[in-house]
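Written out below as structure tokens is the structure these notes cover.
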Amino acid sequence: MPAPSQPKLQAGRVYRTSDLAAWGKNPSRLARRLEREGMLQRLARGLFTRQRDGRFGLVPPRDEELLRSFLKGGPFVITGPERWNALGLGATALFAHRLVYNTKRSGELDLGGEKFLLRRVRFPEDPGPEWFVVDLIEHHDMAGVSLEVLLVRLGRALAAGRFHAERLREAALEYGTRRTQALVERACVAARTGA
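Per our numbering, the very first residue in the sequence shown carries number 116; after that it's consecutive.
Have a look at this one:
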């Protein structure tokens, strides 16, 4: 009887059970064996990781790697307080979940102890800071900042050149509601006139 094959698994990568078919005819059995041997750690049903060693022990996979594997390579963008707060427009929110826009699923998800809130919505392929501003305006209540504060701070940020006014308008037209479009236009006018 030949010895079972030992797959070459990359540290820090997340694998679906189906990914293991390259190393055996029964990927589920192979996943269970590799888990028993400590080569793989189960994250969720059908998802495993080959953790990498760090200076202080095992390092979990990056959120992007978890989502890439879970969403089967489908497009996604991680947004929410981490991105909104970094814009410097007055948002100071914290969430227990990471907010993820994607094209496949909606709902709450726990992957290896990391919590994600998935929303199936439209988003650009490569979002820039102006799109995150529109996203913040759309979710100002979740971010803990009022529209009045956003209007004033966005006007100042535009006047200081921190955001590109035309890209901001385009993002608002493509992804924002009429209320968001109106607020962006008011902020652009305020930045231009110094009001």
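C-beta: ideal position from N, C-alpha, C; glycine also.
From PHE163, LEU202, ASP256 and GLU223, pick the residue whose C-alpha is nearest to that of GLY270; which is it?
Here residue 270 is taken as the residue at index 155 of the sequence shown, counted from 1. Nearest of PHE163, LEU202, ASP256 and GLU223 to GLY270, Cα basis: LEU202.
May I ask you to verify whether the segment 173-181 touches the segment 241-251, counting CB pairs closer than 8 Å and requiring at least 3?
no
Sheet register partners of VAL215 (DSSP bridge):
If you number the sequence shown from 1, residue 215 lands on position 100. Looking at the DSSP assignment, VAL215 forms a beta bridge with ILE193 and LEU233.
Quickly, what does DSSP pair GLU223 with across the bridge? List them, please.
To locate residue 223, count along the sequence shown from 1; it is residue 108. GLU223 is bridged to LEU232.
Using 8 Å as the cut-off, can you tell me whether the segment 206-213 makes contact with the segment 256-276, which would need three or more C-beta pairs spanning the two stretches below that distance?
yes
C-beta contact flag for ALA302 and LEU251 at 7 Å:
The sequence position of residue 302 within the sequence shown is 187, counting from 1. The sequence position of residue 251 within the sequence shown is 136, counting from 1. No; because the gap between Cβ atoms is not below 7 Å, this pair is not in contact.
Against chain B, with Cβ distances strictly below 7 Å, would LEU209 count as a contact?
The structure shown contains no chain B; it holds only a single protein chain.
Beta-carbon proximity of PHE278 to GLU245, cut-off 7 Å
For the purposes of this step, residue 278 is taken as residue 163 along the sequence shown, with counting starting at 1. For the purposes of this step, residue 245 is taken as residue 130 along the sequence shown, with counting starting at 1. Closer than 7 Å, so yes.
Which residues share a DSSP beta bridge with LEU125?
Numbered from 1 along the sequence shown, position 10 holds the residue referred to as residue 125. As written in the sequence, residue 125 is Gln, which differs from the Leu given in the question. DSSP, once it has assigned bridges, lists no residue as partnering GLN125.
If contact is defined by three or more beta carbon pairs under 8 Å, each pair taking one atom from either stretch, is the segment 161-171 in contact with the segment 125-136?
yes
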